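Under UniProt numbering, the first residue of the sequence shown carries the number 1, and numbering increases by one thereafter. All residues carry an ideal CB built from backbone N, CA and C; glycine is no exception. Because the structure is a prediction, the values reported are computed rather than measured. See structure below.
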Amino acid sequence: HFWLGDAFASGGSLGYDHKAMGITAKGAWKSVERHFAEMDIDTRSVDFTVVGIGDMSGDVFGNGMLLSEHIRLLAAFDHRHIFLDPNPDTVRSFAERRRMFGLPRSSWLDYDPTLISTGGGVYERSAKAIPVSPEVRAALGIDDGAATLSPPEMIAAILTAPADLLWNGGIGTYVKASSESHADVGDKSNDAVRVDANRMRAKVIGEGGNLGVTALGRVEFSRHGGRINTDALDNSAGVDCSDHEVNLKILLDAMPSGEALEPAERDRLLAEMTDEVAELVLAKNISQNLRLGLSRAEAPVMLGMHRRQIADLAARYGVDRDLEGLPSDAELIRRAADGIGLTSPELANVMAHVKLSLETDLRTNGLPDRPEFESVLPEYFPSVLRTRFGAAIRRHPLRREIVTTMVVNDVIDNAGISYVFRLSEELGSSTGEAVLAFYAAVEIFDLRGLWRDIRTCPAPVTTRDAFEFEVGRTVDRAGRRLLLSRQWPADSAAEVARYRQGLRALAEQSPRWLPGYAADEIRNRAAKWVGHGAPKELAERVFRLIYLFPLLDVLDTAQRCERDPEPVATLYCAVMQHFKIDRLLSALDRLEHGDRWRGLARLAVRDDLYDAVRLLTHDVLTVADPSDSPAAAIGNWELNNRTRVVRAAGALGDIFASGNYGLEALSVAARQLRKVANGGDSRTGTTLLSE
């Protein structure tokens with residue numbers, strides 16, 4: 001298009017120099033940090049062993065090997081040399097790598113030989129043999145036997161070494177699945193050194209380079225206990241940085257004549273924004289790795305959902321399972337029987353295709369133009385541009401595409417890979433409706449601030465993940481409730497603002513309306529994680545959240561009955577306790593999810609139970625005096641509706657007396673409670689639900 005001008009990722013003096021920024025390596029390192037954090041290892045403070053592919057003159061390898069002062073680089077190779085340092089001095093070796101990286105050109109031969117530990121050295125790949133010293137044998141886990149190895153054999157030993165990390169910053173495919181032949185890989189130049197993934201002993205693979213491991217090799221490595229994502233995810237920061245550069249240039253070059261920048265000023269401004277652009281890019285790597293880590297943790301229980309989602313991607317969006325390294329339906333059935341979920345690289349592929357499919361859906365409707373997303377577009381740009389060129393940003397030629405991409409990343413990274421698909425499957429919601437429900441829930445419950453506090457708190461990753469899952473429960477339930485109870489108006493901002501304001505006020509008043517047992521449970525659940533390093537105030541905020549979710553119904557009921565929300569909240573909780581619905585909901589939460597239909601049945605029962613509380617609260621309010629206590633109001637209502645109560649009491653009493661809280665019994669209980677609320681007339685409930 002005519003407005004493109006020179007808007008391409010030129011790098012160097014006229015754009016962002018990826019090597020100078022170290023952006024690709026830094027992005028891949030976010031994956032490494034997440035993998036190590038899941039092993040309770042902080043790469044910024046604890047020494048760890050590394051073997052690598054590349055040399056210090058390379059962008060990805062060189063930058064990567066300077067991202068922690070605690071790297072113990074045992075061995076590395078490139079197309080020229082093999083570097084061995086079996087017992088490196090962490091401090092001195094880091095300084096030497098930094099010196100080499102600063103050279104105009106370098107190879108491993110430039111490494112100061114006096115700094116290489118005993119038994120190590122630098123060897124030509126053209127050498128006939130490389131000596132295997134006792135130190136190298138121990139560091140690389142080489143079997144006793146031969147005193148020398150050929151260069152290809154030594155490279156294979158490096159690739160299969162028992163290091164904490166294999167850092168790939170090179171070119172070529174070095175790892176395949178044992179089921180693949182070298183011909184399948186299609187990289188003949190590395191056939192002599194390539195190894196099977198099931199032989200590898202590294203704990204983590206960081207894929208700064210492309211195609212270092214085949215798709216099936218990643219899956220095999222992962223199924224043997226290794227930690228790996230995909231190259232597309234790990235090294236995405238370089239591509240993302242280029243996208244930012246293009247979009248920034250389009251913005252700056254599309255200024256009206258009165259605001260247009262001189263080329264020199266534009267280039268100076270681009271340079272000044274380098275650090276903030278890097279922060280914006282790396283935030284996406286962090287966010288994607290967080291979601292992938294959470295998805296790994298729940299992969300076994302989500303396998304049924306993932307199986308259906310993969311089938312949907314294949315059927316509706318043409319995703320090729322074989323090409324993408326995704327398991328067949330038969331394989332997924334076998335895994336379900338074994339209690340095994342998707343591997344990390346499979347989840348990364350599914351996440352990528354889910355995002356692409358959602359972008360396709362959203363670009364075909366008007367969602368990017370809705371007022372709810374006006375604040376999204378500026379967040380893509382560095383702060384100086386938001387301040388100086390706010391109006392120009394709103395006119396950006398690619399504004400709809402940018403907004404769509406940002407919204408999709410936001411929803412999937414924060415709500416989960418299956419969030420939109422799940423709402424579609426459960427409620428028949430469109431992609432747009434699911435996205436709007438997510439944004440409404442986030443605003444109503446002020447989740448941005450809570451997520452920020454969780455993700456920046458100094459607790460172990462297991463603690464932070466537990467908090468993420470707890471917040472996710474509210475996102476799921478609030479999204480469902482919002483979609484079930486109303487059709488979204490053309491502009492839902494006023495509705496969201498009403499809920500947000502009312503919920504904030506009730507949350508501050510929670511000690512006055514929250515039942516004592518609930519307050520105790522919040523404290524007890526929080527205390528467990530405080531013992532694992534979480535701040536007490538944050539832990540209690542997290543575990544209070546699920547008790548705030550029903551306030552959506554409280555606020556609706558208060559509005560309908562023209563009552564103050566706080567006494568309605570008190571009555572709502574009293575109704576839940578009086579009819580023992582809280583006990584039924586707790587029993588429902590303890591049930592196994594089971595297959596799709598059992599899962600849908602559980603959700604239907606939960607919806608019915610919450611509907612019963614809402615309808616009963618509404619019924620009681622219609623006959624209660626504002627001065628009545630909750631107990632008096634409920635008692636008076638029961639006297640006036642004795643026939644309904646007695647009719648349901650038998651079945652409910654039998655369930656509570658038997659202690660049978662299976663799904664069938666809970667379904668009966670929910671039905672009986674709905675009858676109590678509706679007076680046995682289902683049309684009454686329908687009318688009330690649609691008010």
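With a threshold of 7 Å on Cβ separation, who are the neighbours of residue i within its own chain once the five nearest residues in sequence on each side are excluded?
{"i": "A507", "result": "L548"}
{"i": "S357", "result": "L313 and Y317"}
{"i": "M302", "result": "G341 and S418"}
{"i": "E276", "result": "P382 and S383"}
{"i": "I130", "result": "I82, Y123, T148, L149, P151 and M154"}
{"i": "Y111", "result": "F83, E96, M100 and V122"}
{"i": "K580", "result": "F656"}
{"i": "L14", "result": "D267"}
{"i": "V623", "result": "N636, W637 and N640"}
Return helix, strand or coil for residue i, following the three-state DSSP convention.
{"i": "V301", "result": "coil"}
{"i": "A459", "result": "coil"}
{"i": "T643", "result": "helix"}
{"i": "V91", "result": "helix"}
{"i": "G15", "result": "coil"}
{"i": "D681", "result": "In this prediction, D681 has a pLDDT of 37, which is less than 50 and means its spatial position is unreliable; what the coordinates show is noted afterwards. It is coil, neither helix nor strand."}
{"i": "K128", "result": "coil"}
{"i": "R80", "result": "coil"}
{"i": "S196", "result": "The question names Ser, yet the displayed sequence has Asp at residue 196. The answer is strand: DSSP assigns D196 an E or B state."}
{"i": "K188", "result": "helix"}
{"i": "N235", "result": "coil"}
{"i": "E540", "result": "helix"}
{"i": "Y123", "result": "strand"}
{"i": "A254", "result": "coil"}
{"i": "E259", "result": "coil"}
{"i": "G52", "result": "strand"}
{"i": "T160", "result": "coil"}
{"i": "K580", "result": "coil"}
{"i": "residue 704", "result": "No information on residue 704 is available, as it lies outside the stretch 1 to 691 that the chain covers here."}
{"i": "I71", "result": "strand"}
{"i": "V46", "result": "coil"}
Residue i to residue j, Cα distance in whole Å?
{"i": "D17", "j": "G318", "result": "36 Å"}
{"i": "A558", "j": "R363", "result": "38 Å"}
{"i": "residue 705", "j": "D243", "result": "The question about residue 705 has no answer, for the chain in this structure spans 1 to 691."}
{"i": "N678", "j": "L483", "result": "22 Å"}
{"i": "G27", "j": "I286", "result": "8 Å"}
{"i": "R644", "j": "C561", "result": "22 Å"}
{"i": "K675", "j": "A648", "result": "8 Å"}
{"i": "V32", "j": "G209", "result": "13 Å"}
{"i": "I116", "j": "V91", "result": "12 Å"}
{"i": "T404", "j": "P371", "result": "13 Å"}
{"i": "S68", "j": "L503", "result": "44 Å"}
{"i": "L571", "j": "D556", "result": "14 Å"}
{"i": "A330", "j": "R308", "result": "12 Å"}
Which residues in the same chain as residue i place their Cβ atom closer than 6 Å to its Cβ, once the five residues preceding and following it in sequence are excluded?
{"i": "R218", "result": "I228 and P345"}
{"i": "A76", "result": "G52 and F83"}
{"i": "S682", "result": "Residue confidence is low: S682 scores 34 on pLDDT, short of 50, so the model does not pin down where it sits. No coordinate-derived value is stated."}
{"i": "V408", "result": "K355, L358 and E359"}
{"i": "D553", "result": "R614"}
Is it right to say residue i is buried, meaning 16 or more other beta carbons lie within 10 angstroms of its own, or is it exposed?
{"i": "D322", "result": "exposed"}
{"i": "W513", "result": "buried"}
{"i": "P550", "result": "buried"}
{"i": "Y380", "result": "buried"}
{"i": "V51", "result": "buried"}
{"i": "G62", "result": "buried"}
{"i": "W108", "result": "buried"}
{"i": "L447", "result": "buried"}
{"i": "T687", "result": "With a pLDDT of 26 at T687, under the threshold of 50, the modelled position of that residue is not reliable, and no figure is offered here."}
{"i": "T463", "result": "buried"}
{"i": "L326", "result": "buried"}
Can you name, in chain order, every residue of its own chain whose Cβ lies under 8 Å from the Cβ of residue i, other than the five neighbours on each side?
{"i": "D369", "result": "R400"}
{"i": "D320", "result": "A314"}
{"i": "H70", "result": "T43, R44, S45, V46, D47, F48 and T90"}
{"i": "E135", "result": "P86, N87, S117, T118, G119 and G120"}
Does the beta carbon of residue i sit closer than 8 Å to a beta carbon anywhere in chain B?
{"i": "R370", "result": "Any reference to chain B falls outside this structure, which holds one protein chain only."}
*asked:* Closer than 8 Å is the cut-off here; do at least three beta carbon pairs connect the stretch 435 to 446 with the stretch 404 to 415?
replied: Taking 8 Å as the limit for Cβ pairs, the verdict is that the stretch 404 to 415 does touch the stretch 435 to 446.
*Meets three-Cβ-pair contact criterion under 8 Å: the stretch 608 to 624 and the stretch 634 to 654*: With a cut-off of 8 Å, the stretch 634 to 654 and the stretch 608 to 624 count as touching, because enough Cβ pairs lie within range.
*Count the C-beta pairs between the stretch 468 to 476 and the stretch 426 to 435 that are closer than 8 Å, then say yes if the count reaches three, no if not.*
The stretch 468 to 476 vs the stretch 426 to 435: no contact.
*Answer yes if the stretch 146 to 155 comes into contact with the stretch 178 to 189, meaning at least three C-beta pairs across the two stretches below 8 Å, and no otherwise.*
Inter-segment contact for the stretch 178 to 189 and the stretch 146 to 155 is absent: fewer than three beta-carbon pairs are separated by less than 8 Å.
*Check whether the stretch 450 to 468 touches the stretch 491 to 505, taking contact to mean three or more Cβ pairs, one atom from each stretch, closer than 8 Å.*
Taking 8 Å as the limit for Cβ pairs, the verdict is that the stretch 491 to 505 does not touch the stretch 450 to 468.
*Decide yes or no for the touch test of the stretch 585 to 594 against the stretch 521 to 535: beta carbon pairs closer than 8 Å, at least 3 of them.*
Because the criterion of three Cβ pairs below 8 Å is not met, the stretch 585 to 594 and the stretch 521 to 535 do not touch.
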